[in-house]
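Straight run, no breaks: the sequence shown in the numbering used here ends on number 919. We treat Cβ as the ideally placed atom computed from N, Cα and C, and that holds for glycine. Below is one structure, written out as structure tokens; the observations come after it.
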Amino acid sequence: MTAPVVPCAHALSVEDVADALRSDTAQGLSADEAAARLTAFGPNEIPRATRPPYAQIAAHQLLDPLVALLLAASVVSLAVGEGLESAVIAAIVVLNAGFGFFQEVRAARAVLALTEAVEVRAVVVRDGEQRAVDVRDLVVGDLVRLREGDRVPADARVVSEMGLEVDESALTGESVPVAKRVEPADGAIALAERVSMVYAGTGVTRGSGLALVVAAGRSTEQGNIAVLTEQASPPPTPLEQRFARLATRLAGVGVLITIGLAAAMLLQGESARESFLLGVSVAVAAVPEGLAATVTIALALGAREMASRGAVVRTLSAIETVGEATVICADKTGTLTENRLRLVRVEPAVGTTRAGLLEAGYACAEAELDPVDRALVVAAREEGLTAPGTVVRSVPFEAARKRAAVLVREEERLRSVVKGAPEVVLGLGDDWPLERERLERVAGEWAAQGLRVLAIAERDVVDESASDLEAGARPLGIVGLADPLRPEAAESVRLARAEGLEVRMLTGDHPRTALAIGRELGLDDDEIVARCTPADKLALVEQLEGQGEIVIVTGDGVNDAPALRRAHVGVAMGRGGTEAAREASSIVLTDDNFATIVAAVREGKRIAGNIRSFLAFLLSANVGEVVLFAAAVLAGLGAPMTVVQVLTVNLLTDGPPAIALARDPAGRHAFRRGATRELFGRGIWPALLAVGIVVGAAALAAFLLVRELRPEAAQTAAYATVALAELIFVFSCRAELRPAWRLPRNRHLEAAVVGSLAFLLATIYVSALHDPFGTVSLTSGELGIVLSLALLPALASESLKAVVRRGRG
């Protein structure tokens, strides 16, 4: 059996749709037919995650390019019999991957916790009888009953309706409920204009009706968006791309230097084994073993900081990427606006007070879930008004009549109150032509500004049984409703632009409404895209990324999910957002505040600046060690440091200060547009190489000077010089140009340096550590040599800064 398919059901008559579905608009399907279709077509559901994707998160940690480089170093060390060195490097990989894994799992659980699993029921007509069934058991052809407050369970063609209105904002971005009707709609129209259809995941705000299910599960519009989301894979982050290039370059340089130095040793008459072991030592020296862990910890600290500000980071690399962003593509409804209608304009008719108009609006507001009625009630209550009288009966809103009416008894008075479209309600009476003309003109002006305009009129009624409640009703005035901007939205857009970001607003709403909101935000017309479908949003994001932009997408609806997933950074609303949007995002805002995104951008820039700082710090040690080994081997001096000493410097001595650098407050460099683009740019390498050469030269000098005094202490002197030079140089790494002594204190860094220094001295002066670390105690004279030479890299760095500052004026 194949599922019945009804193309363009919105444009067909009810009878044609029923025939195509082999169903009945009165009796529905038979129970047996429904069961057969459920077996043949499967349940009405879109599979969703119920637990974090553990395997995917673990793979993401292990596929990091720097981690792969460390694994290669571990394997090589093991192959040549250096078991301890191999185990240490492998332990680094495990700890780094574990740390990142648990951070991302915790974030995934936090996002899943935002969605509570509840059993959803639907009322269907089968064999002519109404019955409640699990939504999963709905099939194509089922006749579904819809009432105010229901969640539409599947895509369906409206068969009958009594004032049926549906909130489709999560699917289309249209902030105003859509009045549904039975008559077919035009064939080639946007989803938001298909008034003869209701769609899965939307909510009934008013009225009731019956509808025939034409699509279920993954065949619904919601299901199509889910498929589009699955196919939209996010691009590699800039950080991942740059680390991949860095790892490739380090591996290539390490291999070349290893081969070259091993060949030099062979030419000097050394054995093949000794030459290869020294080559492994150089390879270990060239790899920044602590960099991957330091980056992970830096990003985790940034994630914790962002969580305290209302942003749950699901993917750690998104923290740095958000700091590099150049464009924000923001959804309108629910992101920039409140996603709730409010009364923003009131224009009473002549002879009517503002309070009188609002009181009449309160009287005819019956539907608790209808956003328009809620807005009327809220506006009246804010003015201190109470519900006037008792509603005797009502005439519900119908799309064809464009109005609704209520009969209200107020002590000695009986009156009807009518609300609806101005062109209809203002024309119910003929006695006020000038006032009608004025109100219609004002209504047209408001509509042009993107407001939803309602007219309210009243008439006295003599008898409760009167059949006509509307004829001759006197206009009381008009009111304008809108989904207002969030209080912080306009200022947040201004701040985003101040950070160098281009802001675009994408919405499925009507162009008139979109332009009004966009201009209120201060956006240019070409930065506003209306009637934007999920596929349109996805295509725009791909186009921007193809132009080299780093794109943030914000959204809360199902229709935002594909673009959220495809963007470099997808930011979803946590409280008001849909489950689909949260699952497609890399950051979830628990406060639904657009201003939090700007705070995240600033935090990302701070993290990017600090990564640049500790990258220079860690790599300077690697360059220094390679220079030291190269000079020593070429001079026929043998290995100037042991592999354990190299690992000690790269991990235990340099590691804590590097992590402390990640907690540096934001410097001025962090807020300059494009600063993070230079993270691995050409500007960093000359200074890094210069300082690294000074580190290597200083360590070689210490090695030679102490070797003349006491040969067995030479390696210890070289080891101590490299480590101590790094602990002094780290303070110069905090800023590109500012002198180290003019920077604010970083107590975390000071504590880390003291701790690393204590550990360094322990490896030299605690006899129990001499054998594991290959060290001996240094005399005061030897220590003085080490200290004097260790100052040179920091002095060289500060001198370079001074030269650059003078050159820039």
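Discussion item. Here's a check: name, in chain order, each residue in its chain whose Cβ is nearer than 7 Å to the Cβ of Gln240, leaving out the five neighbours to either side.
Written reply: Cβ within range, chain order: Val233 and Arg255.
Worksheet item: Quick one: is Leu87 buried, meaning 16 or more other Cβ sit within 10 Å of its Cβ, or exposed?
Response: What is shown of the chain runs 111 to 919, which leaves residue 87 out entirely.
Item to complete: Would you mind working out which of Ile717, Arg464 and Leu281 sits nearest Thr443, comparing C-alpha positions?
Response: Selected option, being the one with the closest Cα: Leu281.
Discussion item. Quick check on the burial criterion: 16 or more other C-beta atoms within 10 angstroms. Buried or exposed for Val127?
Written reply: Val127 is buried by the Cβ-count criterion.
Fill in: Between the CA atoms of Phe211 and Gly665 - distance to the nearest angstrom
Distance between the alpha carbons of Gly665 and Phe211: 26 Å.
Worksheet item: Is Ser285 near Glu293, with beta carbons less than 8 Å apart?
Response: Result no, Cβ atoms of Ser285 and Glu293 do not sit closer than 8 Å.
Worksheet item: Out of curiosity, what's the CA-to-CA distance linking Leu799 and Glu836?
Response: If you take the alpha carbons of Leu799 and Glu836, they lie about 14 Å apart.
Worksheet item: Would you call the region 644 to 654 and the region 300 to 315 in contact, with 3 or more CB pairs under 8 Å?
Response: Fewer than three Cβ pairs drawn from the region 644 to 654 and the region 300 to 315 lie within less than 8 Å of each other, which leaves the two stretches out of contact.
Worksheet item: Looking at the structure shown, is Glu271 part of a helix, part of a strand, or coil, going by DSSP?
Response: Reduced to three states, the DSSP call for Glu271 is strand.
Item to complete: Kindly identify the DSSP beta-bridge partner or partners of Ser526.
Response: Answer is Leu517 and Arg569.
Worksheet item: If we count Cβ pairs, one from each stretch, closer than 8 Å, do we get three or more for the region 421 to 431 versus the region 602 to 622?
Response: The region 421 to 431 makes no contact with the region 602 to 622: fewer than 3 CB pairs, one atom from each, lie closer than 8 Å.
Discussion item. Does Pro766 pass the burial test, meaning 16 or more other C-beta atoms within 10 Å, or should it be called exposed?
Written reply: By the 10 Å Cβ count, Pro766 comes out buried.
Discussion item. At the level of alpha carbons, what is the spacing between Asp244 and Arg231?
Written reply: Taking the straight line from one Cα to the other gives about 5 Å.
Worksheet item: In the DSSP assignment, what are the bridge partners of Glu239?
Response: Looking at the DSSP assignment, Glu239 forms a beta bridge with Arg236.
Worksheet item: At a cut of 8 Å, does the region 407 to 415 reach the region 706 to 721 through at least three beta carbon pairs?
Response: Judged by Cβ distances under 8 Å, the region 407 to 415 makes contact with the region 706 to 721, as three or more pairs qualify.
Worksheet item: Tell me the DSSP bridge mates of Met683?
Response: Looking at the DSSP assignment, Met683 forms a beta bridge with Leu699.
Discussion item. Between the alpha carbons of Arg569 and Pro597, how many angstroms are there, rounded?
Written reply: Roughly 39 Å between the two C-alpha positions.
Practice prompt. Indicate whether Gly466 and Leu486 have their beta-carbon atoms separated by less than 8 Å.
Written response: Cβ atoms of Gly466 and Leu486: not closer than 8 Å.
Discussion item. To the nearest angstrom, how far is the alpha carbon of Leu564 from that of Lys290?
Written reply: The alpha-carbon separation between Leu564 and Lys290 amounts to approximately 18 Å.
Worksheet entry | Delimiting residues of the alpha helix (DSSP H) encompassing Leu142 | Here residue 142 turns out to be Asp, not Leu, going by the sequence shown. Its alpha helix (DSSP H) spans residues Ala141 to Phe151.
Discussion item. From the DSSP secondary-structure annotation, give me the bridge partner or partners of Glu508.
Written reply: Paired residue(s): Arg513.
Worksheet entry | Close beta carbons around Ala828, own chain, < 6 Å, minus the five adjacent residues each side | Around Ala828: Pro750, Met751, Ala809, Ala812 and Phe813.
Worksheet item: Residue range of the alpha helix (DSSP H) that Gly92 falls in?
Response: No information on residue 92 is available, as it lies outside the stretch 111 to 919 that the chain covers here.
Discussion item. Pull the bridge partners of Gly415 from the DSSP assignment, please.
Written reply: Residue 415 is actually Glu in this sequence, not Gly. According to DSSP, which records beta bridges pairwise, Glu415 is partnered with nothing at all.
Worksheet entry | Contact belief for Pro621 with Pro644 at Cβ below 8 Å, rounded distance in angstroms | Contact flag wrong, Cβ pair sits at about 18 Å.
Fill in: Arg464 versus Leu674 - alpha carbon distance
Distance between the alpha carbons of Arg464 and Leu674: 44 Å.
Worksheet item: To the nearest whole angstrom, what separates the beta carbons of Pro263 and Asn334, a pair I think is in contact under 8 Å?
Response: Cβ atoms of Pro263 and Asn334 stay farther apart than 8 Å, at about 16 Å.
Discussion item. Buried or exposed, going by whether 16 or more other CB atoms sit within 10 Å of the CB of Val805?
Written reply: Here Val805 is buried. Its C-beta has 16 or more other C-beta atoms within 10 Å.
Worksheet item: Below 8 Å between beta carbons: does that hold for Val516 and Val527?
Response: It is a contact, given that the beta carbons lie within the stated cut-off.
Worksheet item: Of the choices Tyr164, Arg236, Ala558 and His678, whose alpha-carbon is the least far from that of Glu434?
Response: The shortest C-alpha separation from Glu434 is found at His678.
Item to complete: Entirely within the region 638 to 666 and at least 3 residues each: give me those beta strand (DSSP E) ranges in chain order.
Response: Listed in chain order, the complete beta strand (DSSP E) runs (minimum 3 residues) inside the region 638 to 666 are 661 to 665.
Fill in: Residue burial classification, Val249 (beta-carbon count within 10 angstroms, cutoff 16)
Val249 sits buried, since 16 or more C-beta atoms from the chains shown fall within 10 Å of its C-beta.
Practice prompt. Grab me the residues of Lys911's own chain with a C-beta within less than 7 Å of its C-beta, minus the 5 sequence neighbours each way, in chain order.
Written response: Non-local C-beta neighbours of Lys911 in its own chain, meaning closer than 7 Å and more than five positions away in sequence, comprise Leu847 and Pro849, ordered along the chain.
Discussion item. Can you look up Cys439 in the DSSP assignment and give me helix, strand or coil?
Written reply: Correct three-state label for Cys439: strand.
Discussion item. I need the DSSP call for Ser306, collapsed to helix, strand or coil.
Written reply: Residue state, collapsed to three classes: coil.
Worksheet item: Thinking C-alpha only, which one of Ala302, Pro157 and Leu591 is nearest Val276?
Response: The residue with the shortest Cα to Cα distance from Val276 is Ala302.
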